[in-house]
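Colleague: Numbering (the working numbering), first residue to last: 160 to 315. Just so it is clear, CB atoms sit at the ideal spot from N, CA and C, and this is done for glycine as well. Note that the structure is predicted; figures quoted are calculated from it, not measured.
#1: In three-state terms, what does DSSP make of residue 229?
#2: Report buried or exposed for residue 222, applying the criterion of at least 16 other Cβ atoms within 10 angstroms of its Cβ.
#3: Note down the Cα distance separating residue 167 from residue 227, rounded to an integer number of angstroms.
#4: Counting beta carbon pairs with one atom in the region 186-203 and one in the region 263-281, are three or more of them shorter than 8 angstroms?
#5: How long is the line joining the alpha carbons of residue 217 and residue 261, rounded to whole angstroms?
#6: Please give the ranges of any alpha helix (DSSP H) in the region 233-269, keeping only runs that are unbroken, at least 4 residues long and fully inside the region.
#7: Skipping 5 residues on each side, what residues in its chain have a beta carbon closer than 8 angstroms to that of residue 171?
#8: Quick one: what's residue 199 bridged to in DSSP?
#9: Do residue 241 and residue 176 come within 8 angstroms of each other at the CB atom, strictly closer than that value?
#10: List the DSSP bridge partners of residue 168.
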């Protein structure tokens, strides 16, 4: 999630399509009119720095990326199939679109379940209050910061 949108990054998409990120971005730049702001956007320096610390990528100058990362919304991923015309690209685009659909269905189901629980809370007495509180905690997204992955050298 970036800027409140579910996105996929250019480097991840390049892996799926079995091309280098640079090649993917060149194809996009040649067809930039197909990718309006709601289909694709570049991450700001702050967003990119946050991303770098979250997924532990190398810094610029040490093998890191020298250009800003592109983020693609569901519509942008769909548009990639028109830009990348290989059979593999078409197949991968279909798989990615199906994943977006499943994610949307999962989120809708979770919302419906939450609404149904709230309705049930209003109908039943205090005996079930503890049960409802536990279920609500299970439905809430975990907000604890995740531990960093990888080897951490200690400073002396």
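Modeller: In short:
#1: If you number the chain shown from 1, residue 229 lands on position 70. Looking at residue 229 - three-state DSSP - the assignment turns out to be strand.
#2: On the chain shown, position 63 is the one that residue 222 refers to. Note that residue 222 scores a pLDDT of 42, beneath 50, so its modelled location is shaky and nothing firm can be said.
#3: Walking along the chain shown from the start, residue 167 turns up at place 8. Walking along the chain shown from the start, residue 227 turns up at place 68. About 14 angstroms.
#4: The region 263-281 is not in contact with the region 186-203.
#5: The sequence position of residue 217 within the chain shown is 58, counting from 1. The sequence position of residue 261 within the chain shown is 102, counting from 1. In this prediction, residue 217 scores a pLDDT of 49, lower than 50, which makes its location untrustworthy; the coordinate-derived value is nonetheless stated afterwards. Going by the C-alpha atoms only, they are around 32 angstroms apart.
#6: As far as the region 233-269 is concerned, its whole alpha helix (DSSP H) runs of at least 4 residues are 233-242.
#7: Numbered from its first residue, the chain shown carries residue 171 at position 12. So the list is empty, once near-sequence residues are dropped.
#8: Indexing the chain shown from 1 puts residue 199 at position 40. 231, per the DSSP bridge assignment.
#9: Residue numbering aside, residue 176 sits at position 17 when the chain shown is read from its first letter. Residue numbering aside, residue 241 sits at position 82 when the chain shown is read from its first letter. Residue 241 sits away from residue 176, with the two beta carbons spaced by 8 angstroms or more.
#10: Residue 168 sits at position 9 when you count from the first residue of the chain shown. Residue pairing by DSSP puts residue 168 in a beta bridge opposite 230.
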